[in-house]
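So for the sequence shown, numbering that gives the first Met the number 0 puts the first residue at 0; every next one is plus one. Backbone N, C-alpha and C fix where the C-beta goes; we use that ideal spot for every residue, glycine too. All figures in this text were calculated on a predicted structure; none of them were measured in a lab. What follows is a short report on a single structure.
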Amino acid sequence: MTVAEDVDASALPPSGNDRKPVSKLKVVLLTFASMVTVLALVGGGFALYLNHLLDSNIKHSAMLPVGPQPTKDPGAGDAQNILLLGSDSRDEELGAGARSDVIQLMHINNDRSRIDVIHFPRDMYGDIPGYGKNKINAAYSYGGAPLLVQTMEKMLNLRIDHVAQIDFQGFADLTDTLGGVRLYVPQGFDEPGFGTWTKGWHDMNGEQALGFVRERHQLAQGDLDRGRNQQAWIKAVLTKTLTAGTLLNPVKLTTAINDVTRFTTVDESFDSSTIRSLALSLRDIRGDDLHFKTAPISGFENIGGQDVDIVDEKLLTQLGKALTTDQMSTYTEGTNVPNAGD
């Protein structure tokens, strides 16, 4: 199953070249969604082996804030909110050091029938507790994942249950394990090492997909357009992962889980038992149950010499309420990206 661009265009300002591409956006990674889901359909000794893979590969770190967090809305039941932070190991090769400044929030609804993923551009301008107004990405620089969690919780009036940070190289490896994916290129551009990407559908391997989603300078809206491309890749990979051809193939399934988990760090409370329990609850999730969106932006400004994305406060309040009350099905209605041939 192939997937096109998967972001609600109504949440973004008009396209055009009225703003230079925003600061460099590290590639976002949502492979944690596939990791916890594919585990759900295995059993017996094979399951024990995969559990061992989880225990030995996944790293744990203090990623949640110390002290009280917002109270969960009783109406949300057991809905889960997981903050996904992306990093790009290519930056270490370039001497910059990997940074976790790609921000997506995964909302798993109470009855485990759908997963919503919301992209929060790193240049969104908001209040960072203790530091005043800045790009939300600055929270990670000031206080690591715990402060970023606090920033997101304050912005949305929402409790975040867990944090997962993953390097996109794992997603590239997973793409190759799956035999590649078919992606729609909405804007043509030249990619060093791969030639020219023309507008339309393309079959890509892992490295080609990495190059595709890293590009921002040649795109009309810079990082925002790149975020759309990233989410299209993410959905294509997750959709292909959640097929019988992968889930019922022990060799492919083991390789896929290893591809992801060896690049994953989670908060200390997200232990293997919790992951396995969540995986079991997601056993019926398939590609069509994944819904992607971008947090609402009303425009762009230059503040203090920085190009920032201005939040649409009214729509953000609506988003926060939909997340808090587990009503994302109404908020995201009709925003899914079509599959090829639809």
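Where do the N-terminal and C-terminal ends of the beta strand (DSSP E) with residue i fall, by residue?
{"i": "M105", "result": "V101 to I107"}
{"i": "E300", "result": "I296 to I302"}
{"i": "G221", "result": "It is not in any beta strand (DSSP E) - G221 carries neither H nor E in the DSSP assignment."}
{"i": "G129", "result": "No beta strand (DSSP E) holds G129; DSSP gives it neither H nor E."}
Which of the three DSSP states, helix, strand or coil, is assigned to residue i?
{"i": "M123", "result": "strand"}
{"i": "V65", "result": "coil"}
{"i": "Q230", "result": "helix"}
{"i": "K19", "result": "Only weak support is given to the placement of K19: the predicted model assigns it a pLDDT of 42, under 50, and the value that follows is read from those uncertain coordinates. K19 falls in the coil class under three-state DSSP."}
{"i": "R181", "result": "strand"}
{"i": "I284", "result": "coil"}
{"i": "G210", "result": "helix"}
{"i": "D308", "result": "strand"}
{"i": "K71", "result": "coil"}
{"i": "D77", "result": "coil"}
{"i": "D172", "result": "helix"}
{"i": "R215", "result": "coil"}
{"i": "R158", "result": "coil"}
Looking at the unbroken alpha helix (DSSP H) that takes in residue i, where does it start and where does it end?
{"i": "F291", "result": "It is not in any alpha helix (DSSP H) - F291 instead sits in the beta strand (DSSP E) that spans L289 to T293."}
{"i": "I57", "result": "Looking at the DSSP string, I57 is not in any alpha helix (DSSP H), and its letter there is neither H nor E."}
{"i": "N257", "result": "P249 to T260"}
{"i": "Q317", "result": "E312 to T323"}
{"i": "Q149", "result": "A137 to L155"}
{"i": "T329", "result": "M327 to Y330"}
{"i": "L246", "result": "A243 to L246"}
Determine the burial state of residue i: buried for a count of at least 16 other Cβ atoms within 10 Å of its Cβ, exposed for fewer.
{"i": "W232", "result": "buried"}
{"i": "N16", "result": "Note that N16 scores a pLDDT of 43, beneath 50, so its modelled location is shaky; the value from the coordinates is reported in the next line. Burial call: exposed."}
{"i": "A243", "result": "exposed"}
{"i": "E92", "result": "Bear in mind that the predicted position of E92 carries a pLDDT of just 42, short of 50, making it too unreliable to give a figure here."}
{"i": "A255", "result": "buried"}
{"i": "L63", "result": "buried"}
{"i": "K132", "result": "exposed"}
{"i": "R285", "result": "exposed"}
{"i": "R215", "result": "buried"}
{"i": "N136", "result": "buried"}
{"i": "P67", "result": "exposed"}
{"i": "G42", "result": "Caution applies to G42, whose pLDDT of 44 falls short of 50 and renders its modelled position unreliable; the value that the coordinates give is listed next. The residue in question, G42, is exposed, as its Cβ has fewer than 16 Cβ neighbours within 10 Å."}
{"i": "L11", "result": "Below a pLDDT of 50, predicted positions are generally treated as unreliable, and L11, at 43, falls in that range; no measurement from the model is reported."}
{"i": "T260", "result": "buried"}
{"i": "A321", "result": "buried"}
{"i": "H118", "result": "buried"}
{"i": "Y139", "result": "buried"}
{"i": "G194", "result": "exposed"}
{"i": "G226", "result": "buried"}
{"i": "G76", "result": "exposed"}
{"i": "G303", "result": "exposed"}
{"i": "A61", "result": "exposed"}
{"i": "T176", "result": "buried"}
{"i": "P249", "result": "exposed"}
{"i": "D115", "result": "buried"}
To which residues does DSSP link residue i through a beta bridge?
{"i": "D189", "result": "T195"}
{"i": "A163", "result": "L83 and V265"}
{"i": "I114", "result": "I107 and L289"}
{"i": "K134", "result": "Y124"}
{"i": "H201", "result": "L182"}
Comparing alpha-carbon positions, which option in the options lies nearest residue i?
{"i": "L53", "options": "N248, L83, T273 and D110", "result": "T273"}
{"i": "V180", "options": "D266, P67 and A208", "result": "A208"}
{"i": "D308", "options": "K320, D222, D166 and S112", "result": "D222"}
{"i": "G178", "options": "N204, Q168 and D166", "result": "N204"}
{"i": "L147", "options": "T329, H106 and L82", "result": "L82"}
{"i": "T324", "options": "G129, Y124, G74 and D311", "result": "G74"}
{"i": "P191", "options": "D175, G199, V184 and F211", "result": "F211"}
{"i": "D72", "options": "N108, Y48, N50 and L104", "result": "N108"}
{"i": "Q186", "options": "L218, Q164 and D202", "result": "L218"}
{"i": "H201", "options": "D224, P69, N56 and Y183", "result": "Y183"}
{"i": "P128", "options": "Q149, T329, T263 and R121", "result": "Q149"}
{"i": "N50", "options": "K153, E206 and D270", "result": "D270"}
{"i": "G85", "options": "L47, I102, D189 and Q79", "result": "I102"}
{"i": "Q79", "options": "Q229, K58, Y130 and A163", "result": "A163"}
Could one say the Cβ of residue i lies closer than 9 Å to chain B's Cβ atoms, at least one of them?
{"i": "D110", "result": "Within the model displayed, chain B is absent; a lone protein chain is all it includes."}
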